[in-house]
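Going by our numbering, the sequence shown opens with residue 21, and the numbers climb by one from there. Glycine included, each C-beta is placed from N, C-alpha and C at the ideal position. Note sheet for the following structure.
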Amino acid sequence: MSGQPITVSQLTNYIKALLERATPLQSLCLRGEISNYKIHHSGHHYFTLKDENAVVNAVMFAGNAQKLRFRPESGMKVIVYGRVSLFPKSGQYQIYVSQMLPDGVGALYIAFEQLKQRLYQEGLFDKDKKKPLPAYPSTIALVTSPTGAAVRDMVRILKKRWPLSRVLVCPVKVQGEGAAQEVAEMLRYVDEHRLADLIITGRGGGSIEDLWAFNEEPVARAIAQCSTPVVSAVGHEPDVTISDYVADLRAATPSNAAEMAVPDKGELWLRLQDWNRHLEMLETRRLQLLSQKIEESHRRMILVEKRRVQLLCQQLSALSQKKIMSSPKEYFNERRLSLSFSQERMIAAARENVGRKRKNFIGKAATLDAISPLKVLSRGYGFVTKEEKIIKTAADIAPGDRIDLRLQGGSASCLVEQVDKA
Numbered sequence: 021m022s023g024q025p026i027t028v029s030q031l032t033n034y035i036k037a038l039l040e041r042a043t044p045l046q047s048l049c050l051r052g053e054i055s056n057y058k059i060h061h062s063g064h065h066y067f068t069l070k071d072e073n074a075v076v077n078a079v080m081f082a083g084n085a086q087k088l089r090f091r092p093e094s095g096m097k098v099i100v101y102g103r104v105s106l107f108p109k110s111g112q113y114q115i116y117v118s119q120m121l122p123d124g125v126g127a128l129y130i131a132f133e134q135l136k137q138r139l140y141q142e143g144l145f146d147k148d149k150k151k152p153l154p155a156y157p158s159t160i161a162l163v164t165s166p167t168g169a170a171v172r173d174m175v176r177i178l179k180k181r182w183p184l185s186r187v188l189v190c191p192v193k194v195q196g197e198g199a200a201q202e203v204a205e206m207l208r209y210v211d212e213h214r215l216a217d218l219i220i221t222g223r224g225g226g227s228i229e230d231l232w233a234f235n236e237e238p239v240a241r242a243i244a245q246c247s248t249p250v251v252s253a254v255g256h257e258p259d260v261t262i263s264d265y266v267a268d269l270r271a272a273t274p275s276n277a278a279e280m281a282v283p284d285k286g287e288l289w290l291r292l293q294d295w296n297r298h299l300e301m302l303e304t305r306r307l308q309l310l311s312q313k314i315e316e317s318h319r320r321m322i323l324v325e326k327r328r329v330q331l332l333c334q335q336l337s338a339l340s341q342k343k344i345m346s347s348p349k350e351y352f353n354e355r356r357l358s359l360s361f362s363q364e365r366m367i368a369a370a371r372e373n374v375g376r377k378r379k380n381f382i383g384k385a386a387t388l389d390a391i392s393p394l395k396v397l398s399r400g401y402g403f404v405t406k407e408e409k410i411i412k413t414a415a416d417i418a419p420g421d422r423i424d425l426r427l428q429g430g431s432a433s434c435l436v437e438q439v440d441k442a
């Protein structure tokens, strides 16, 4: 062995310098499968790239990671652009990634599907969250580019179909850097200040890159948070964006959105005319039915009145045939005979009642006489009273008492000298 010994740091720095001087390694395009993907709190992304036979560490700094159009995941095959260098503290070489693309599938498509899946799981696409559009909006806000053909078509159609609505154009960028942020902020501003009762947001057709602002998360969340109904009108019929899923209604084109937002005054006028004709027919029919009911009621009243007159005529005819109408004196004679007959019957009934009561009285008087104590006196008996109370036993008197003895034909007052209780 020859030469002076060197430190590990010197060796590592030497190898690092060799790698950084190798031009092919400073502008490298590498294909591999992501493994152990992690995002540090600083915003840096750390992972490894591997194939069937080898593995290399990789890092993507926060500034470059913010430009990603999709979210990398472990197991995803990608193509990365960057440079190779050595990290002295670990002594391992690694690739510093500046750009990353999905291998075989476009980055925009990956980003679209990932955001779509995430928002779907959060419930932003649920049908029960869709708000109904007002039938006759008074103010419509168009959140779109003020210079495109789409806004002109929408204003023209809205004014033609329903000129009563006020159209408010809210200018925003619809493509390029910062377009999504402008659209989201304008949506929130219109909703928070209640500038309209219906919002249409979108733009005319273009490539997926041109329409991408309406596939970004800020716009989707701004639409979902609006209390004002929102119609998404992005591109042409085949174009579908995240905004279409989140909005309360998706229109195939901006022109279609304008047609869906308001009624057609011509169609409404025809419907009103139809309703008016229908109401006239109903009113005519109602008057006919009313007239029929009146006629029917009139006929019934006539029949009822005729019947009443017939009954009165019959009663009058019956009265005219009575004897009192031809001979009033005979009528009074009949009544007098009837009164005499009733009088005789009442007298007979009274006599019979008096006889029945007299017989009953005599029977009760005989019974009373039979049980009278005075009746006993006629047979030589008498009864004793003391202070007007009948004495029944010897125990009721004592020597010295004054008693009265009642006999037939009179009474005697006696003084008791002796009482024998044997």
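Legend entry - DSSP bridge partner residues for arginine 207 (one or two, in chain order): Looking at the sequence provided, one finds leucine at residue 207 rather than arginine. According to DSSP, which records beta bridges pairwise, leucine 207 is partnered with nothing at all.
Inset, instruction - Note down the Cα distance separating serine 311 from histidine 318, rounded to an integer number of angstroms. - result: Distance between the alpha carbons of serine 311 and histidine 318 is about 10 Å.
Legend entry - chain B within 7 Å of threonine 304, Cβ atoms only: Among the chains in the structure shown there is no chain B, since it carries only a single protein chain.
Inset, instruction - Within 10 angstroms of the Cβ of tryptophan 289, are there 16 or more other Cβ atoms? Answer buried if so, exposed if not. - result: Tryptophan 289 should be labelled exposed.
Legend entry - Alpha-carbon to alpha-carbon, aspartate 389 and asparagine 380: Rounded to whole angstroms, asparagine 380 to aspartate 389 spans 14 Å at the Cα level.
Inset, instruction - On a CA-only basis, which of Asp424, Met96, Lys285 is nearest arginine 434? Give me that one, please. - result: The question names arginine, but residue 434 is cysteine in the sequence shown. Distance check between cysteine 434 and each of Asp424, Met96, Lys285 places Asp424 closest, using alpha-carbon atoms only.
Legend entry - In DSSP terms, what arginine 186 is bridged to: Bridge partners of arginine 186: Thr159.
Legend entry - Chain-order list of residues whose beta-carbon lies under 8 Å from that of threonine 68 (same chain, five-residue window excluded): Short of 8 Å from the beta carbon of threonine 68, and not among the five residues preceding or following it, lie these beta carbons of its own chain, in chain order: Ile54, Ser55, Asn56, Val75, Val76, Asn77, Ala78.
Legend entry - Endpoints, the alpha helix (DSSP H) within which valine 20 is located: Only positions 21 to 442 of the chain appear in this structure, which leaves residue 20 out of reach.
Inset, instruction - For the segment 240-257 and the segment 219-228, state whether three or more C-beta atom pairs, one from each stretch, are separated by less than 8 Å. - result: Because the criterion of three Cβ pairs below 8 Å is met, the segment 240-257 and the segment 219-228 touch.
Inset, instruction - Please report the residue range of the beta strand (DSSP E) in which leucine 218 lies. - result: Run containing leucine 218: 218-223, per the beta strand (DSSP E) assignment.
Inset, instruction - Report all residues from its chain with a CB closer than 6 Å to the CB of glycine 202; omit the five preceding and five following residues, and keep chain order. - result: Checking the sequence shown, residue 202 turns out to be glutamate, not glycine. Val192, Lys193.
Legend entry - Enclosing alpha helix (DSSP H) for glutamate 315 [first to last residue]: 285-340 is the extent of the alpha helix (DSSP H) around glutamate 315.
Legend entry - Exposed unless 16 or more other CB atoms sit within 10 angstroms - verdict on leucine 178: Leucine 178 should be labelled buried.
Inset, instruction - Please name the residue in Leu88, Gln245, Leu50 whose C-alpha comes closest to that of glycine 63. - result: Ranking Leu88, Gln245, Leu50 by CA distance to the CA of glycine 63 puts Leu88 first.
Inset, instruction - Grab me the residues of methionine 80's own chain with a C-beta within less than 6 Å of its C-beta, minus the 5 sequence neighbours each way, in chain order. - result: The beta carbon of methionine 80 sits closer than 6 Å to the beta carbons of His65, Val117 from its chain, once the five residues preceding and following it are set aside; these are given in chain order.
Inset, instruction - Compare the Cα-Cα distances from valine 104 to each of Pro44, Leu139, Tyr129, Thr387 and report the closest residue. - result: If we check each option's Cα against that of valine 104, Pro44 comes out closest.
Inset, instruction - Locate the alpha helix (DSSP H) running through asparagine 77, then write down its first and last residues. - result: Run containing asparagine 77: none in the alpha helix (DSSP H); it sits in the beta strand (DSSP E), 75-80.
Inset, instruction - Could you work out which residue in Val251, Gly111, Leu48, Gly375 is closest to isoleucine 99 when comparing CA atoms only? - result: Ranking Val251, Gly111, Leu48, Gly375 by Cα distance to isoleucine 99 puts Leu48 first.
Inset, instruction - Express the C-alpha separation of leucine 331 and glutamate 325 in angstroms, rounding to a whole number. - result: Approximately 10 Å, taken between the alpha carbons.
Inset, instruction - Could you tell me the boundaries of the alpha helix (DSSP H) in which lysine 384 lies? - result: For lysine 384, the enclosing alpha helix (DSSP H) begins and ends at 348-390.
Inset, instruction - Determine the contact status of glycine 111 and threonine 167, defining contact as a CB-CB distance below 7 Å. - result: Not a contact, by the Cβ cut-off of 7 Å.
Legend entry - As assigned by DSSP and simplified to three states, the class of lysine 150: Under the three-state reduction of DSSP, lysine 150 is assigned to coil, being neither helix nor strand.
Inset, instruction - Consult DSSP for tyrosine 101 and reduce its assignment to one of helix, strand or coil. - result: In the structure shown, tyrosine 101 sits in a strand (DSSP, three-state: E or B).
Inset, instruction - Would you kindly check if the distance between the Cβ of alanine 200 and the Cβ of glutamate 236 is under 7 Å? - result: Cβ distance < 7 Å, so glutamate 236 and alanine 200 count as in contact.
Legend entry - Cβ neighbours of glutamine 86 in the same chain (closer than 8 Å, five flanking residues each side left out): Scanning its chain for C-beta atoms nearer than 8 Å, with the 5 sequence neighbours on each side dropped, one finds around glutamine 86 the residues Gly63, in chain order.
Legend entry - 7 Å Cβ cutoff met for isoleucine 219 and threonine 261: In this structure, the beta-carbon distance from isoleucine 219 to threonine 261 does not fall below 7 Å.
Inset, instruction - Tell me whether lysine 193 sits in a helix, a strand or coil according to DSSP, three-state version. - result: Of the three classes helix, strand and coil, the one that applies to lysine 193 here is coil, per DSSP.
Inset, instruction - Find the nearest neighbour of serine 275 within the set Gly222, Ala216, Cys333, judged by alpha-carbon distance. - result: Comparing alpha-carbon positions, the option among Gly222, Ala216, Cys333 lying closest to serine 275 turns out to be Gly222.
Legend entry - Whole-number beta carbon distance between alanine 170 and cysteine 190, since they are thought to touch under 8 Å: Incorrect: roughly 13 Å between the Cβ atoms, too far for contact.
Inset, instruction - Please work out which residues of its chain come closer than 6 Å, Cβ to Cβ, to valine 175, disregarding the five sequence neighbours upstream and downstream, and give them in chain order. - result: Take valine 175, set aside five residues on each side of it, and the residues of its chain with a beta-carbon closer than 6 Å to its own are Val187, in chain order.
Inset, instruction - Tell me, to the nearest whole angstrom, how far the beta carbon of tyrosine 34 is from that of phenylalanine 145; I am working on the premise that it is less than 8 Å. - result: Incorrect: roughly 57 Å between the Cβ atoms, too far for contact.
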